Amino acid sequence: MGPTSAPPPLDPTPTTTTTTTTLRLALLLCDQPLPQISTQVGQFDTIFSTLLHAACASLTPPQTLESQLTLSAHDVVRGGLYPDPDAIDAVLITGSRSAAYADDAWVVRLAAFVRGLLEGGRVRVIGVCFGHQIVARALGAKVAPAPGGWELSVTEVQLSEEGRGVFGGASLKMYQTHRDAVLELPKGVTLLGSTEQCPIQAMYIRGRLITVQGHPEFSPFIMTEMLRARHGAGAIPDGPYEDAMKRVGDPHDGVAMARVFLRFLRE
Numbered sequence: 001m002g003p004t005s006a007p008p009p010l011d012p013t014p015t016t017t018t019t020t021t022t023l024r025l026a027l028l029l030c031d032q033p034l035p036q037i038s039t040q041v042g043q044f045d046t047i048f049s050t051l052l053h054a055a056c057a058s059l060t061p062p063q064t065l066e067s068q069l070t071l072s073a074h075d076v077v078r079g080g081l082y083p084d085p086d087a088i089d090a091v092l093i094t095g096s097r098s099a100a101y102a103d104d105a106w107v108v109r110l111a112a113f114v115r116g117l118l119e120g121g122r123v124r125v126i127g128v129c130f131g132h133q134i135v136a137r138a139l140g141a142k143v144a145p146a147p148g149g150w151e152l153s154v155t156e157v158q159l160s161e162e163g164r165g166v167f168g169g170a171s172l173k174m175y176q177t178h179r180d181a182v183l184e185l186p187k188g189v190t191l192l193g194s195t196e197q198c199p200i201q202a203m204y205i206r207g208r209l210i211t212v213q214g215h216p217e218f219s220p221f222i223m224t225e226m227l228r229a230r231h232g233a234g235a236i237p238d239g240p241y242e243d244a245m246k247r248v249g250d251p252h253d254g255v256a257m258a259r260v261f262l263r264f265l266r267e
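Right under this line is the structure:
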């Protein structure tokens, strides 16, 4: 392919084989959406199930979520609820406004639970944003405030050679809303993607874990409400806010990323 050729589309051939076996995926809920978001689109279990519905429907041939996954939701913050590892096949750890490096009791417990799953080797782990950072912490890597500060809105992530193999393209566009980051790659983990501001954007071990710093579950509505709320509270300065709002409606690869999650669960 010549240097002026366009990169291949992300995940260009989303295929699956029909199966009668559903996988048991536990959603570990690490926060609640802002009220104005939950009123419109529900809590994070509903937001992620909506994403996974769309991913299943986009497969060739189309599948139903119910034919692929049995979902359960577990509030690990307020209720301290965790699934029985023997009763699940995988977990998905959601985003959170909390710091993955904090010593809050529930954060420490979550990191220990994830470490146990990874050491056990049977239950697969998906991490999103805070979940990505928790996986890194569980594996002994440093998580801290990002030197570059906030990374916001639709952002292009450059994929590594391994990342291109996993995601099927040269880059992907992801919603971002974080000012913490994974600062070192855990031992034995493959780096899938990077941005200039956040060099560790996605991590992978075949059959064990896949994580992304971005938010495949976000929509323009969700991102807009979060930006407005954090800017209004003074957390996001005017300049980064205005820049982020310019990109909030840009195309993004959320559904394609969720298809990769589905494939990961069965690889």
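Using the UniProt record's numbering, you'd call the opening residue of the sequence shown number 1 and step up by one each time. Glycine included, C-beta positions come from ideal geometry on N, C-alpha and C. Bear in mind the structure is a predicted one, so any value in this text is a computation, not a measurement.
Practice task
Determine the DSSP secondary structure at Asp75, reduced to helix, strand or coil.
Solution key: strand
Exercise for the section: Note the first and the last residue of the continuous alpha helix (DSSP H) segment covering Glu196. Expected result: Careful: Glu196 lies outside any alpha helix (DSSP H) and carries neither H nor E.
Handout entry: Cβ neighbours of Lys173 in the same chain (closer than 8 Å, five flanking residues each side left out)
Key = Val154, Thr155, Glu156, Val157, Asp250, Pro251, His252 and Asp253
Handout entry: Cβ-based neighbour list, Arg263, same chain, cut-off 7 Å, excluding 5 preceding and 5 following
Key = none
Handout entry: Which of helix, strand or coil DSSP assigns to Ile37
Key = helix
Exercise for the section: Assign Ala235 to one of two classes, buried (16 or more other C-beta atoms within 10 Å of its C-beta) or exposed (fewer than that). Expected result: exposed
Handout entry: Integer-rounded CB distance, given that Arg24 should sit under 8 Å from Asp89
Key = 5 Å
Problem - Opposing strand residues paired with Gly127 [DSSP bridges] - result: Ile93 and Thr211
Practice task
Can you grab the Cα-Cα spacing for the pair Ala256 / Ala55, in whole Å?
Solution key: 7 Å
Handout entry: For Gln63, the first and last residue of its enclosing beta strand (DSSP E)
Key = First-last for Gln63: undefined, no H or E at that position.
Problem - Rounded separation between Ala181 and Arg230 - CA only - result: 18 Å
Problem - Asp180: first and last residue of the uninterrupted alpha helix (DSSP H) it sits in - result: That residue, Asp180, is in no alpha helix (DSSP H); its beta strand (DSSP E) goes Asp180 to Val182.
Exercise for the section: Name the one or two DSSP bridge partners that Leu24 has. Expected result: Rather than Leu, the amino acid found at residue 24 in this sequence is Arg. Partner(s): Thr70.
Handout entry: Sheet register partners of Leu159 (DSSP bridge)
Key = Gly193
Exercise for the section: Look at the alpha carbon of Tyr204 and the alpha carbon of Val135, and state the distance between them as a whole number of angstroms. Expected result: 11 Å
Practice task
Could you please give me the residues that DSSP links to Lys173 through a beta bridge?
Solution key: Glu156
Problem - CB contact flag (Ile126, Val91, <8 Å) - result: yes
Handout entry: Validate contact between the segment 91-111 and the segment 68-83 using beta carbons, cut 8 Å, 3 pairs
Key = yes
Handout entry: N-terminal and C-terminal residue of the alpha helix (DSSP H) that Val143 is part of
Key = Per DSSP, Val143 belongs to no alpha helix (DSSP H); it is in the beta strand (DSSP E), Val143 to Pro145.
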